[in-house]
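In the working numbering, the protein residues as written are -10 to 333. Here a beta-carbon is modelled for each residue, glycine too, at the ideal position from N, C-alpha and C. In this text the structure is predicted, and so the values were computed from the model without any measurement. Please read the structure below before turning to the comments.
Okay, here's the thing in structure tokens:
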């Protein structure tokens, strides 16, 4: 079992296997970002602007690491003298903004200032440790250096601080956020006490990230349900704010939402991707039916339904063409990029 684990960890840190790690990480963030952007445009989720901002930062960090890894693979960048340190710095930086997303889902001046200050501290620490590492000229593998210990301990402190914030504030889906930071903290502890001293990268940290990042879509789930309840019955929601009513409270996050987004992040069949996207969105928004459609290229052209998901029957729907003459309102809304409410 230990041998299998070591082989898996080795796959995550060595090219070309580490490309899988970078792609899964970037796709997990990108999928969450797309749902958040849709929610922001439709105004169907509270705090969507903050979620979009935080996920954009995480995506930029992942793309920067992917680019640096590609350059190191081609020999343009020295993997030991730059990439290893850059990798640890982005782990710390990403943890800061993940903690911000979970601990401060609504505006908090103190929380925002603290997070920005911690991000600036990360930049300063990077330049300091990078300078010291260059002086040492990479005589030892990075996992055996004090610079690695510095970044791992700093990341653990960031995890602990934001876990404390989450426990004190207990915002929407705070338990999922606690699990996400806890998983990454476990990877950091493993790296601290069981480092692969002959390597420059941490397989434990990357494995923890692969397990925890698919939980990011949970940031959106309960907010969607709360906003949907407010739009469908605002008077009941107003009454619930003054008179607690357990029956009127929004549903807790269904574990199927997490599974749907995890399945989407692992989906490698292009033909099944539209159905997987529809399933994830339908589960997140608690919708009976979700269809993935493309905008008609010309007026009067049929609407191409790439796939869909029926939540009531729990089955994916096959691709089809929709005659625009029978659904002019839907075709017009798709063409102009506008929302359409179809009354019963």
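| query | result |
| --- | --- |
| When the Cβ atoms of the segment 78 to 91 are set against those of the segment 103 to 110, are three or more pairs found closer than 8 Å? | yes |
| When you compare only the Cα positions, how much space is there between residue 44 and residue 136? | 28 Å |
| What does the alpha-carbon distance come out to for the pair residue 88 and residue 287? | 45 Å |
| Is it true that the segment 48 to 59 meets the segment -6 to 14, where meeting means three or more beta-carbon pairs spaced less than 8 Å apart? | yes |
| Is it a yes or a no for the segment 314 to 327 touching the segment 297 to 305, going by three-plus beta-carbon pairs under 8 Å? | no |
| Can you tell me which residues form a DSSP beta bridge with residue 279? | 298 |
| Is it the case that the segment 58 to 69 contacts the segment 166 to 184, given that we only count it when at least three CB pairs across the two stretches are under 8 Å? | no |
| Could you say which of 266, 310, 40, 195 lies nearest to residue 289 if we only look at CA atoms? | 310 |
| Looking only at its own chain, which residues have a Cβ that is under 6 Å from the Cβ of residue 147, when we skip the five neighbours before and after it? | 84, 85 |
| Is it right to say residue 268 is buried, meaning 16 or more other beta carbons lie within 10 angstroms of its own, or is it exposed? | buried |
| Name, in chain order, the residues that DSSP records as bridge partners for residue 293. | 283, 310 |
| Is residue 288 helix, strand or coil by DSSP? | coil |
| Mind reading off the beta-carbon distance from residue 94 to residue 164? Whole number of angstroms is fine, and I expect it under 8 Å. | Actually they are not in contact, since the Cβ atoms of residue 94 and residue 164 sit about 14 Å apart, beyond 8 Å. |
| With C-beta atoms as the reference, is residue 324 less than 9 Å away from residue 281? | no |
| Exposed or buried, what is residue 99 when buried is set at 16 or more other beta-carbons lying within 10 Å of its beta-carbon? | exposed |
| Mapping DSSP to helix, strand and coil, what is residue 125? | helix |
| In angstroms, rounded to a whole number, what distance separates the CA positions of residue 5 and residue 185? | 19 Å |
| Less than 7 Å between C-beta atoms, sequence neighbours within five positions excluded: which residues of the same chain meet that for residue 329? | 318, 319, 322 |
| According to DSSP, simplified to helix, strand and coil, what is residue 303? | coil |
| Which residues in the same chain have their Cβ closer than 7 Å to the Cβ of residue 232, if we skip the five residues on either side of it in sequence? | Residue confidence is low: residue 232 scores 39 on pLDDT, short of 50, so the model does not pin down where it sits. Its coordinate-derived value is still stated next. Nothing meets the Cβ criterion. |
| Quick one: Cα of residue 238 to Cα of residue 257, how far? | Confidence at residue 238 is low in this model, with a pLDDT of 40, below 50, so its placement is unreliable and the value that follows should be read with caution. Their Cα atoms are separated by approximately 37 Å. |
| Does residue 8 come out as helix, strand or coil in the three-state DSSP assignment? | helix |
| Report the option in 158, 200, 190 whose CA atom is closest to the CA atom of residue 174. | 200 |
| Report back the beta-carbon spacing between residue 172 and residue 151 to the nearest angstrom; my notes put them in contact at under 8 Å. | That pair is no contact at about 13 Å. |
| Are there 16 or more other CB atoms within 10 angstroms of the CB of residue 38, so buried, or fewer, so exposed? | exposed |
| Can the beta-carbon of residue 15 be found closer than 9 Å to that of residue 41? | no |
| How should residue 187 be labelled, buried or exposed, when 16 other C-beta atoms within 10 angstroms of its C-beta is the threshold for buried? | exposed |
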